[in-house]
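Accompanying notes for the structure given below.
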C-alpha cells in the first residue's frame, strides 16, 4: 500500500498535463475548424443553389419538421439564396436513413417553382466503386429540374423514372427517397420559408 | 546500439506490418488509395515519434504498475492533437480517413513500441526507433494503397493512369482487396528473403 500514493500521483500528473495540452490545442484549432466546416457548407450551398448574391449560411430558418423514432423533434435548417433580395432557391439537408451502410446526407436545392435545382451528397459510407457512384456528377444531375408531380419518384427497377446504379440499387433508392422527402418538406413549409424571408 | 540501427530496423528487418503483422486494422481499412495510405502513415508516424519521445523521457518517473494507462494517456493525447490539427488544416484528408484517426489510439504498433522499446531506452534512440517504425509503416501503407488504387480505380494519387477504357477491378478497393494485396505482398517478401 505504500506505493499507492505514488501511482496515484503519476497518473494524476500525466492526466493533468495531457488535459492542459489538449485544452491549448483545442483552443488554437477551434476557429480554423469552424471555418473549414463553414467553407464546406458554403461549397455545398453554392453547388445546389441557383445564382445568389447573399450569404445563404447567414440567411437561415430552422423549423421543426418531424420527430425521430424516439419521439424527439427533428429540426431542419433552410438556407435561402437570394439575388437582388428575391429568393432564387432554398437549400436544406435531408438524411436518408436507408442507405446500404449507414445514413446518406443529401443537400437539396429547390427553386421557388418547386423544381430541384441540384443536389449534393454531403456524407455517405456506401461501397466504394458501387454505391459511391451516387456522388458522381452524372448521377446527381439526374435530379435537376425534376418536380414532385412531373416524375415517378422510384428507381426504374421499382417502376419509377430514376436510373438505379448497377449493383447498388439500395443506394440509389435511398437517394431518390431523400430527394422526394426534400420536395415534400419544401411544399409543406414553403409559406414559412418565403414569408419570413421578406421581413428582414 | 547506434541511432542508425534503431532507425533502419523499423523499415525492413522488423517492419511492423510485413514482419510483425502489427497494426493491421488501419493497414487494411484505409489503404483504398495511395493518398489515404500516405496520410494515415504520416499521422501514425507523428503519434509514434511523439509518444516514444515522451515515454522515454518519463521512463524513470512512470511506476511500473500503472505504465499501461500512462502510455495510453500519452498516446491518446497525441492522437487528439493530430485529429484536431488535421480537421483544422487538412479537412479533405480528415474526412477521407474518418473514424480511423481516433482509432490510431488502439494501433498496437504504437503501444507496442512504447512498451517494448521507448520505456527502456534514452530519448534519442526512442525517437530514432519511432521514425524508423513509422517510416516502415508509412511505406507499407503507401505501397498497399498505390496497388489497390491502381488496379481498383485505374488511378494513382487521383490521376488516371490507364485511361477511360480501363475496367477497374472494384474488388481491390473493397475489403477483400486489402487482404489479397497484403497476402501477395507478404508472399513476395518471403520469397525475396529466402534467396
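Residue numbers (this note's numbering), protein chains in the order written: chain A, 61 to 260; chain B, -11 to 183. Quick reminder that beta carbons are idealized off the backbone N, C-alpha and C, glycines included. From a predicted model like this one, the values you see are computed outputs, not experimental measurements.
Three-state class that DSSP yields for residue 79(B) in the structure shown:
Along the second chain, one-based indexing puts residue 79(B) at 91. If DSSP states are grouped into helix, strand and coil, residue 79(B) belongs with the helices.
First and last residue of the alpha helix (DSSP H) that includes residue -7(B)?
-> Walking along the second chain from the start, residue -7(B) turns up at place 5. Taken as a continuous stretch (DSSP letters only), the alpha helix (DSSP H) holding residue -7(B) covers -9 to -1.
Mark residue 71(B) as exposed unless 16 or more other C-beta atoms lie within 10 angstroms of its C-beta, in which case mark it buried.
Within the second chain, numbered from 1, the residue matching residue 71(B) stands at position 83. Under this definition residue 71(B) is a buried residue.
Practice task
Note down the Cα distance separating residue 132(B) from residue 201(A), rounded to an integer number of angstroms.
Solution key: Start at 1 with the first residue of the second chain, and residue 132(B) comes out as number 144. Start at 1 with the first residue of the first chain, and residue 201(A) comes out as number 141. Roughly 34 Å between the two C-alpha positions.
**Prompt:** In whole angstroms, what separates the C-alpha of residue 73(A) from that of residue 101(B)?
**Reply:** Position 13 of the first chain, counting from 1, holds the residue named residue 73(A). Position 113 of the second chain, counting from 1, holds the residue named residue 101(B). So the two alpha carbons sit approximately 22 Å from each other.
task: With DSSP collapsed to three states, give me the class of residue 74(A).
output: Here residue 74(A) refers to the residue found at position 14 when the first chain is read from its first residue. In this structure, residue 74(A) counts as helix in the three-state DSSP scheme.
**Asked** Using a Cβ-Cβ cut-off of 6 Å (strictly less than) and excluding sequence neighbours within five positions of residue 47(B), which residues of its own chain qualify?
**Response** Position 59 of the second chain holds residue 47(B). Excluding positions up to five away in sequence, the list reads 107.
Residue 58(B) touches chain A at which residues, Cβ-Cβ below 8 Å?
Here the question's residue 58(B) lines up with position 70 in the second chain. Within 8 Å Cβ-Cβ: 70, 71, 74.
Fill in: Spatial neighbours of residue -2(B) in its chain, beta-carbon cut-off 6 Å, leaving aside the 5 residues before and after
Your numbering for residue -2(B) matches position 10 in the second chain. The answer, listed in chain order, is 120, 121, 124.
Query raised in the report: Unbroken beta strand (DSSP E) runs of length 3 or more, entirely within the region 172 to 201 of chain A: which are they?
Result: 176 to 183
Query - Minimum C-alpha distance to residue 115(A) - residue among 101(A), 232(A), 238(A) - result: Counted from its first residue, the first chain places residue 115(A) at position 55. Cα-wise, what sits closest to residue 115(A) is 101(A).
Original post:
Below 7 Å between beta carbons: does that hold for residue 190(A) and residue 227(A)?
Top reply: As a working mapping, residue 190(A) is identified with position 130 in the first chain. As a working mapping, residue 227(A) is identified with position 167 in the first chain. Cβ distance < 7 Å, so residue 190(A) and residue 227(A) count as in contact.
Going along the chain, which residues of the region 180 to 206 of chain A sit with their C-beta nearer than 9 Å to a C-beta in chain B? 183, 185, 187, 188, 189, 190
### Task
Please confirm whether residue 125(A) and residue 245(A) have their CB atoms less than 7 Å apart.
One-based indexing of the first chain puts residue 125(A) at position 65. One-based indexing of the first chain puts residue 245(A) at position 185. Contact: yes.
message = Cβ closer than 7 Å: which chain B residues qualify as neighbours of residue 92(A)?
response = Residue mapping note: residue 92(A) aligns to position 32 of the first chain, counting from 1. Ordered by position in chain B, the residues that pass the 7 Å Cβ test against residue 92(A) are 76, 77.
Spatially closest choice to residue 98(B) from 112(B), 63(B), 109(B), by CA coordinates
As a position in the second chain, residue 98(B) is number 110, starting the count at 1. It is 63(B) whose Cα lies nearest to the Cα of residue 98(B).
> Which of the residues in the region 102 to 125 of chain B, read from start to end, lie with their CB under 8 Å from any CB of chain A?
Replying inline: none
Q.
Please return the same chain residues whose Cβ sits closer than 7 Å to the Cβ of residue 104(A), not counting the five positions on each side in sequence.
A. In the first chain, residue 104(A) corresponds to position 44, counting from 1. Same-chain partners within the cutoff: 167, 180, 182.
Taking CB distances under 7 Å as the criterion, tell me whether residue 61(B) reaches chain A. As a working note, residue 61(B) is residue 73 in the second chain. Yes, its Cβ sits closer than 7 Å to a Cβ of chain A.
Which stretch, first to last residue, makes up the beta strand (DSSP E) that contains residue 135(A)? Taking the first residue of the first chain as position 1, residue 135(A) is located at position 75. 133 to 143 is the span of the beta strand (DSSP E), which, as asked, contains residue 135(A).
Checking 7 Å against the spacing of the C-beta atoms, do residue 82(B) and residue 35(B) come in under that value? The residue given as residue 82(B) occupies position 94 in the second chain. The residue given as residue 35(B) occupies position 47 in the second chain. No, the Cβ-Cβ distance between residue 82(B) and residue 35(B) is not below 7 Å.
Margin query: Assuming residue 180(B) is part of the alpha helix (DSSP H), what are its boundary residues?
Written below: In the second chain, counting from the first residue as 1, residue 180(B) sits at position 192. Here the alpha helix (DSSP H) through residue 180(B) covers 163 to 182.
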